[in-house]
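A.B. asks: This is the structure, below, for whatever I ask next.
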């Protein structure tokens, strides 16, 4: 079974800082990798989707990279804002099977 | 619709009661998934439908859990004889193809008392 690990589990930064969230996976045979944001008591909002043939995706202040050979993905958030406070989840979709394999998430707090 | 719609948003059930959770996926999305998210954890896969066919139910935790999608659109997750450990957020997601990733609904928070 694909194991997805997210480090750190929690992170607190002052507003304006750039930050990196890490996601690692044990099986490199992934089809795509998706980053989500989850606000308290809410569902998941898709942030970025990286296909296995891609190395990175960018959307606004967010940049996600994928290195299948090392089993890692990173989510880079530039110039963080208090509104970025949420839990960030990465999920890997394998070449075989249908399920997204999720990490436990990184809880981010951006303080004013 | 514009997004994945789930109802009810919140459900409190007495232990032993049966519950039914509804998911209305994005129109035209072939794939539909149910996930269970315990507090402080990432979502865990329950089951997958392609149109009306349930292709994978390996994540359903027990035979008290049952899911259906009879016409290939709306899906219902049913939990019989609920127990306290069933308390979680149940998330539904749909997808057109894997190329476009998943879109999740807001979830149903089930509390069994």
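Protein chains in written order, with the working numbering: chain A, 4 to 115; chain B, 275 to 387.
For glycine and all other residues, C-beta sits at the position ideal for the given N, C-alpha and C.
Just so you know, these numbers come straight off a predicted model, no measurement behind them.
Please list, in chain order, all residues of the same chain as residue 54(A) whose beta carbon is under 7 angstroms from its beta carbon, the five residues on each side excluded.
C.D. replies: Residue 54(A) sits at position 51 when you count from the first residue of the first chain. Closer than 7 angstroms at the Cβ level, and outside the excluded window around residue 54(A), lie 35.
A.B. asks: So residue 360(B) and residue 334(B) are supposed to be a Cβ contact under 8 angstroms. How far apart are they, rounded?
C.D. replies: As a working mapping, residue 360(B) is identified with position 86 in the second chain. As a working mapping, residue 334(B) is identified with position 60 in the second chain. Actually they do not touch by this definition, with Cβ atoms about 12 angstroms apart.
A.B. asks: Identify, in the order they occur along the chain, each residue of the same chain with its Cβ nearer than 7 angstroms to the Cβ of residue 113(A), setting aside the five sequence neighbours on each side.
C.D. replies: Working through the first chain from its first residue, we reach residue 113(A) at position 110. Answer for residue 113(A): 16, 18, 83, 84, 85, 87, 88, listed in chain order.
A.B. asks: If you draw a straight line from the alpha carbon of residue 70(A) to that of residue 76(A), how long is it in whole angstroms?
C.D. replies: Here residue 70(A) corresponds to residue number 67 of the first chain, with the count starting at 1. Here residue 76(A) corresponds to residue number 73 of the first chain, with the count starting at 1. In this structure, the CA atom of residue 70(A) is about 6 angstroms from the CA atom of residue 76(A).
A.B. asks: Drop a sphere of 10 angstroms on the beta-carbon of residue 10(A), count the other beta-carbons inside from all chains shown, and report buried for 16 or more, exposed for fewer.
C.D. replies: Residue 10(A) sits at position 7 when you count from the first residue of the first chain. That one is exposed.
A.B. asks: Please return the same chain residues whose Cβ sits closer than 6 angstroms to the Cβ of residue 349(B), not counting the five positions on each side in sequence.
C.D. replies: For this step, residue 349(B) is matched to residue 75 along the second chain. Closer than 6 angstroms at Cβ, skipping near neighbours: 297, 306, 343.
A.B. asks: Under the three-state reduction of DSSP, which class applies to residue 318(B): helix, strand or coil?
C.D. replies: Taking the second chain and counting its residues from 1, the one referred to as residue 318(B) is at position 44. Judged by DSSP in its simplified three-state form, residue 318(B) adopts strand.
A.B. asks: Output yes if chain A places a C-beta closer than 9 angstroms to the C-beta of residue 227(B); else output no.
C.D. replies: This structure gives no information on residue 227(B), because the portion of chain B shown stretches from 275 to 387.
A.B. asks: Kindly list the residues whose CB is nearer than 8 angstroms to the CB of residue 311(B), restricted to its own chain and excluding five residues on each side of it in sequence; keep chain order.
C.D. replies: Stepping through the second chain from its first residue, residue 311(B) is reached at position 37. Excluding sequence neighbours, residue 311(B) sits near 317, 318, 362, 363, 364, 365, 381.
A.B. asks: Return the CA-CA distance between residue 303(B) and residue 375(B), expressed in angstroms with no decimal places.
C.D. replies: As a working mapping, residue 303(B) is identified with position 29 in the second chain. As a working mapping, residue 375(B) is identified with position 101 in the second chain. Roughly 11 angstroms between the two C-alpha positions.
A.B. asks: Between 379(B), 324(B), 308(B), which has its C-alpha nearest residue 353(B)'s C-alpha?
C.D. replies: Here residue 353(B) refers to the residue found at position 79 of the second chain. Here the closest residue by C-alpha is 308(B).
A.B. asks: Name the DSSP beta bridge partners of residue 27(A), please?
C.D. replies: In the first chain, residue 27(A) corresponds to position 24, counting from 1. Residue 27(A) pairs with 8(A), 75(A).
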